[in-house]
Amino acid sequence: MDFFDPILLAVIVAGLYMAWNIGANDLANSMGTSVGSGALSIKQVIIIAGVLELVGAVFFGDKVTSRIAKGIVPIDEIIAIDPHLVVIGSLAAIVAAGFWITLATFYHMPVSTTHSIVGAVTGFGLVATIYIDSFTIDQIEWIVLGKIVISWLTSPLIGATLAFIIFTIIRIFLLARVDDPYNLEKKFIYLQILSACFVALAHGSNDVANAVGPISAALYAAGITSGTVIPEWVLAIGGIGIVIGLATWGWRVIETIGKNITELTPTRGFSAEFATALVVFFHSGISIPVSTTHTLVGAVVGVGLAGGIEAVDLSVIRKIVTSWIITVPVAALTSMIVFVILIEVL
Amino acid sequence: MPIEYIRSVLGIFGESPFKPVHTHAQKAVEAVHKLNMAVDAYCRGDYMTVETLNTEIFAIEYEADIIKQTIRKLIPSSIMLPVDSNDLLSFLRPQDSITDNAHHTAHWLTLRKMKLPLEIKEGLLELMERTIKTVDAYESTVDEIAKLLETSFSKKEIKRILKMIPIIEELEHEADIAKKQLQQKIFDHEDELGGTGVFYLISLVRDIGNISDSADTAADRLRTMILRR
Numbered sequence: 001m002d003f004f005d006p007i008l009l010a011v012i013v014a015g016l017y018m019a020w021n022i023g024a025n026d027l028a029n030s031m032g033t034s035v036g037s038g039a040l041s042i043k044q045v046i047i048i049a050g051v052l053e054l055v056g057a058v059f060f061g062d063k064v065t066s067r068i069a070k071g072i073v074p075i076d077e078i079i080a081i082d083p084h085l086v087v088i089g090s091l092a093a094i095v096a097a098g099f100w101i102t103l104a105t106f107y108h109m110p111v112s113t114t115h116s117i118v119g120a121v122t123g124f125g126l127v128a129t130i131y132i133d134s135f136t137i138d139q140i141e142w143i144v145l146g147k148i149v150i151s152w153l154t155s156p157l158i159g160a161t162l163a164f165i166i167f168t169i170i171r172i173f174l175l176a177r178v179d180d181p182y183n184l185e186k187k188f189i190y191l192q193i194l195s196a197c198f199v200a201l202a203h204g205s206n207d208v209a210n211a212v213g214p215i216s217a218a219l220y221a222a223g224i225t226s227g228t229v230i231p232e233w234v235l236a237i238g239g240i241g242i243v244i245g246l247a248t249w250g251w252r253v254i255e256t257i258g259k260n261i262t263e264l265t266p267t268r269g270f271s272a273e274f275a276t277a278l279v280v281f282f283h284s285g286i287s288i289p290v291s292t293t294h295t296l297v298g299a300v301v302g303v304g305l306a307g308g309i310e311a312v313d314l315s316v317i318r319k320i321v322t323s324w325i326i327t328v329p330v331a332a333l334t335s336m337i338v339f340v341i342l343i344e345v346l
Numbered sequence: 001m002p003i004e005y006i007r008s009v010l011g012i013f014g015e016s017p018f019k020p021v022h023t024h025a026q027k028a029v030e031a032v033h034k035l036n037m038a039v040d041a042y043c044r045g046d047y048m049t050v051e052t053l054n055t056e057i058f059a060i061e062y063e064a065d066i067i068k069q070t071i072r073k074l075i076p077s078s079i080m081l082p083v084d085s086n087d088l089l090s091f092l093r094p095q096d097s098i099t100d101n102a103h104h105t106a107h108w109l110t111l112r113k114m115k116l117p118l119e120i121k122e123g124l125l126e127l128m129e130r131t132i133k134t135v136d137a138y139e140s141t142v143d144e145i146a147k148l149l150e151t152s153f154s155k156k157e158i159k160r161i162l163k164m165i166p167i168i169e170e171l172e173h174e175a176d177i178a179k180k181q182l183q184q185k186i187f188d189h190e191d192e193l194g195g196t197g198v199f200y201l202i203s204l205v206r207d208i209g210n211i212s213d214s215a216d217t218a219a220d221r222l223r224t225m226i227l228r229r
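Quick note, the sequences are listed as chains A and B, same order.
For reference, each letter of the first sequence is one residue, going 1 to 346 in full-length UniProt numbering.
For reference, each letter of the second sequence is one residue, going 1 to 229 in full-length UniProt numbering.
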């Protein structure tokens, strides 16, 4: 299959759409805290996030991408029988995830792109067992999937704990000792710029996989790429798509949310961002896809528990948990339906 | 209006109720200062000005009510604050009474015109001066909450704000003494004032006294809120 195969091109286009969505909303959420505290202007955020997101995606995005491409569904075994199925499966997964994210965004549901793509890829694995007799359900990496799902629960909790600790240290050793806390906040603007960079880098390293995981699986099945290493240009496609999303729509999202989070000062923003980036980057290192925004929510609650935020609205957590429970089965089911339709049509 | 294609989790940041709490305290100060002007005008027999100021204080009281409702709406059960939200609400109530009492007093002033003996006039003005001092000190303390929040309740800031509260209590005590002396003077002039006059002035003085009482109670609740967190 060559690169200009229409199905393959469809996978790339759908992947770019997914990347656009990640940049427009998820990256915007992660960077919004820096704008809210006044550490950075929207223009500066777009430049910083653009560069570091790309660096994170290209240089650190391979592990999670590889995990989504072939770590949940063992595509090698399917390719051995019919590589075409993997290309169609990738298309089905990315279309299903993109569709669900679009719907969720229109209805303002805090759905995670990570959860969507993992659900959708699992759906492909499940439907593949129907089409290939020798491929059975127990060949899907359930243990890996279990680890991923558990980490969705633990990553916000670790984020909260770390943010609580970081802010408590700042509180005891700095805020309680200085004469002018407002002056300290000004100094923390520089640290918050660093933590914002770290968030963008970590986000790129983990979330680029949500867009390019299926692309790289399809390219691999089509024989365009080979071996176990994800080529950098594939990761760059996702990174660029995310940055375009941030630049064309994400700034608006940042603007809207930035108005609501004026209560966040640089010391608080730094604590939440640094904790989030640590957790996400760590998970990129151990090849686990996690939701950056959900981790950020955990971190904000952590700062709130340390008494750092004037008002934390915990009702968001209930919404997140609800959408979390819905997303995986819905994305999986949609992915299965799209797969069946594609197989019938093509 | 473009379509809101937004999926955000940053609704996790609730709106702070503490800034409107301070604005609400400023309304109390505004009302009490205007009441002082009204009492002064009453003593001069300028009843037109008393009427005007009464209308203005009524408007302030209404604004304060709106702010109070806003604050209550900002604290649903899902909101996590650095202080107990019940403590915050129970401190807001007496703070609201400051404006309410100022309004009652201003309204009472419009109900009856009477010439006052000099001694009573002086007593009234002194009572108002002490009341203003109490309420002003109260407002500065509420203003300090911002710094308390900024440092996330550092021990130093807690100490500082807790030292301010006894000052309010002392000023309230002085206002109380002025009130008692004035009450005595009213009865000293009972022949001159007449039964209705005595009743009118005693009620007036009681209403004014309630203002610094409310500030004192609010300050006490503020202390509870800070200590119980």
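Glycine included, C-beta positions come from ideal geometry on N, C-alpha and C.
Are there 16 or more other CB atoms within 10 angstroms of the CB of SER97 of chain B, so buried, or fewer, so exposed? The residue labelled residue 97 of chain B in the question sits at position 97 within the second sequence. Counting Cβ neighbours within 10 Å, SER97 of chain B comes out buried, since at least 16 surround it.
What does LEU149 of chain B reach in chain A if we use C-beta pairs closer than 7 Å? Position 149 of the second sequence, counted from the start, is the residue given in the question as residue 149 of chain B. Taking a Cβ-Cβ threshold of 7 Å, the residues of chain A close to LEU149 of chain B are GLU310, in chain order.
Between MET1 of chain B and the rest of its own chain, which residues show a CB-CB distance below 6 Å, the 5 nearest in sequence each way excluded? Here residue 1 of chain B corresponds to residue number 1 of the second sequence, with the count starting at 1. Its pLDDT being 42, under 50, MET1 of chain B is placed unreliably by the model, and the measurement read from it follows with that caveat. Cβ within range, chain order: n/a, list empty.
Please name the residue, chosen from A:SER226, A:ALA306, A:ILE117 and A:ILE237, that lies closest to LEU145 of chain A on a Cα-to-Cα basis. By 1-based counting over the first sequence, the position of residue 145 of chain A is 145. In terms of CA proximity to LEU145 of chain A, A:ILE117 leads the group A:SER226, A:ALA306, A:ILE117 and A:ILE237.
Taking VAL21 of chain B as the query, report the chain A residues whose CB atoms sit under 7 Å from its CB, ordered along the chain. If you number the second sequence from 1, residue 21 of chain B lands on position 21. Taking a Cβ-Cβ cut-off of 7 Å, VAL21 of chain B has no neighbours in chain A, whose nearest Cβ is about 10 Å from it.
Quick check on ARG223 of chain B: buried or exposed, where buried means 16 or more other Cβ atoms within 10 Å of its Cβ? To locate residue 223 of chain B, count along the second sequence from 1; it is residue 223. Result: buried.
Pop quiz: LEU296 of chain A and ASN29 of chain A are said to be a contact at Cβ under 8 Å. What is the actual Cβ separation, rounded to whole angstroms? Position 296 of the first sequence holds residue 296 of chain A. Position 29 of the first sequence holds residue 29 of chain A. Indeed, because the Cβ distance is near 7 Å, the residues count as touching under 8 Å.
In chain order, what residues of the same chain have a beta carbon less than 6 Å from the beta carbon of GLY32 of chain A, not counting five sequence neighbours either side? Mapped onto the first sequence, residue 32 of chain A falls at position 32. Once the five neighbours on either side are set aside, the close Cβ partners of GLY32 of chain A are ILE254, ILE257 and GLY258.
ASP40 of chain B and HIS104 of chain B look like a contact to me (Cβ under 8 Å); what is the Cβ gap, rounded to whole Å? For the purposes of this step, residue 40 of chain B is taken as residue 40 along the second sequence, with counting starting at 1. For the purposes of this step, residue 104 of chain B is taken as residue 104 along the second sequence, with counting starting at 1. Not a contact, Cβ separation roughly 18 Å.
Comparing the C-beta of GLY123 of chain B with each C-beta of chain A, is any distance below 8 Å? Here residue 123 of chain B is taken as the residue at index 123 of the second sequence, counted from 1. So, not an interface residue.
Quick one: what's got a C-beta closer than 6 Å to MET109 of chain A's C-beta in the same chain, skipping five residues either side? In the first sequence, counting from the first residue as 1, residue 109 of chain A sits at position 109. Within the same chain, MET109 of chain A has close Cβ partners SER323.
DSSP three-state label for MET1 of chain B, please. Residue 1 of chain B sits at position 1 when you count from the first residue of the second sequence. With a pLDDT of 42 at MET1 of chain B, under the threshold of 50, the predicted position of this residue should be treated as unreliable, though the coordinate-derived value follows. Coil.
Just checking: is the beta-carbon of ALA97 of chain A within a distance shorter than 8 Å of some beta-carbon in chain B? As a working mapping, residue 97 of chain A is identified with position 97 in the first sequence. ALA97 of chain A does not count as touching chain B.
So, does the CB of ILE161 of chain B fall closer than 8 Å to a CB anywhere in chain A? In the second sequence, the residue the question calls residue 161 of chain B occupies position 161. No, its Cβ sits nowhere closer than 8 Å to a Cβ of chain A.
Mind checking ASP216 of chain B: buried by the 16 CB within 10 Å criterion, or exposed? Indexing the second sequence from 1 puts residue 216 of chain B at position 216. It is buried - the Cβ of ASP216 of chain B has at least 16 other Cβ atoms within 10 Å.
Mind checking whether TRP152 of chain A and SER66 of chain A have CB atoms under 8 Å apart? On the first sequence, position 152 is the one that residue 152 of chain A refers to. On the first sequence, position 66 is the one that residue 66 of chain A refers to. No, they are not a contact pair.
Determine the closest residue to LEU148 of chain B out of A:ILE326, A:GLU310, A:THR262 and A:LEU314, with distance taken between C-alpha atoms. Residue numbering aside, residue 148 of chain B sits at position 148 when the second sequence is read from its first letter. Among A:ILE326, A:GLU310, A:THR262 and A:LEU314, the Cα nearest to that of LEU148 of chain B is on A:GLU310.
Going by beta carbon distance, what residues of the same chain come within less than 7 Å of ILE166 of chain A, once the five residues before and after it are set aside? Sequence index remark: in the first sequence, residue 166 of chain A carries index 166 (1-based). Once the five neighbours on either side are set aside, the close Cβ partners of ILE166 of chain A are SER271, PHE274 and ALA275.
Whole-angstrom distance between ALA218 of chain B and LEU171 of chain B, CA atom to CA atom: In the second sequence, residue 171 of chain B corresponds to position 171, counting from 1. In the second sequence, residue 218 of chain B corresponds to position 218, counting from 1. Taking the straight line from one Cα to the other gives about 14 Å.
Can you tell which of A:MET18, A:GLU232 and A:TYR220 has its C-alpha closest to the C-alpha of ALA80 of chain A? As a working note, residue 80 of chain A is residue 80 in the first sequence. If we check each option's Cα against that of ALA80 of chain A, A:TYR220 comes out closest.
Measure from the alpha carbon of ILE12 of chain B to the alpha carbon of each residue in A:THR334, A:LEU333 and A:ILE320, then state which is nearest. Numbered from 1 along the second sequence, position 12 holds the residue referred to as residue 12 of chain B. Closest option to ILE12 of chain B, Cα to Cα, is A:ILE320.
Run through the DSSP bridge pairs and tell me what MET80 of chain B is partnered with. Residue mapping note: residue 80 of chain B aligns to position 80 of the second sequence, counting from 1. Paired residues: A:VAL312.
Three or more beta-carbon pairs under 8 Å between the segment 117–136 of chain B and the segment 124–139 of chain A, yes or no? The segment 117–136 of chain B is not in contact with the segment 124–139 of chain A.
Taking Cβ-Cβ distances shorter than 7 Å, what residues in chain B pair up with SER315 of chain A? Stepping through the first sequence from its first residue, residue 315 of chain A is reached at position 315. Those are SER78, listed as they occur along chain B.
Closer than 7 Å at the beta carbon, the chain A residues around residue 312 of chain B: A question about residue 312 of chain B goes unanswered here, because the residues of chain B that appear run from 1 up to 229.
Taking 8 Å as the threshold (beta carbon to beta carbon), is HIS283 of chain A in contact with chain B? Here the question's residue 283 of chain A lines up with position 283 in the first sequence. Answer no: the Cβ-Cβ gap between HIS283 of chain A and chain B never drops below 8 Å.
For the segment 81–113 of chain A, enumerate the residues whose C-beta is nearer than 8 Å to any C-beta of chain B, in chain order. ILE101, ALA104, THR105, PHE106, HIS108, MET109, PRO110 and VAL111
Count the other CB atoms within 10 Å of the CB of ILE68 of chain A; is the residue buried (16 or more) or exposed (fewer)? The count along the first sequence starts at 1 and reaches residue 68 of chain A at position 68. Around the beta-carbon of ILE68 of chain A, 16 or more other beta-carbon atoms lie within 10 Å, marking it buried.
Identify whether PHE13 of chain B lies in helix, strand or coil by the three-state DSSP scheme. Numbered from its first residue, the second sequence carries residue 13 of chain B at position 13. Three-state result, PHE13 of chain B: strand.
Is ALA217 of chain A closer than 8 Å to SER1 of chain A when the C-beta atoms are compared? By 1-based counting over the first sequence, the position of residue 1 of chain A is 1. By 1-based counting over the first sequence, the position of residue 217 of chain A is 217. Correcting the residue identity first, residue 1 of chain A is Met in this sequence and not Ser. No, they are not a contact pair.
Compare the Cα-Cα distances from GLY285 of chain A to each of A:LEU191, A:PHE59, A:ILE240 and A:LEU162 and report the closest residue. Here residue 285 of chain A refers to the residue found at position 285 when the first sequence is read from its first residue. Looking at the Cα atoms, A:PHE59 is the closest of the given residues.
Which of the three DSSP states, helix, strand or coil, is assigned to ASP5 of chain A? The residue labelled residue 5 of chain A in the question sits at position 5 within the first sequence. ASP5 of chain A: coil per DSSP, three-state reduction.
Proximal chain E residues relative to ASN25 of chain A, where beta-carbon distance stays under 9 Å: Absent from the structure: chain E. Protein chains present are A and B.
Touch test, the segment 165–183 of chain B against the segment 133–141 of chain B, Cβ-Cβ under 8 Å, three pairs minimum: yes
Quick check: is the beta carbon of PHE199 of chain B nearer than 8 Å to any beta carbon in chain A? In the second sequence, residue 199 of chain B corresponds to position 199, counting from 1. Chain A, which has no Cβ nearer than 8 Å to the Cβ of PHE199 of chain B, makes this no.
Going straight from the alpha carbon of GLY159 of chain A to that of ILE75 of chain B, what length do you get? Counted from its first residue, the first sequence places residue 159 of chain A at position 159. Counted from its first residue, the second sequence places residue 75 of chain B at position 75. Cα to Cα, the separation comes out at about 25 Å.
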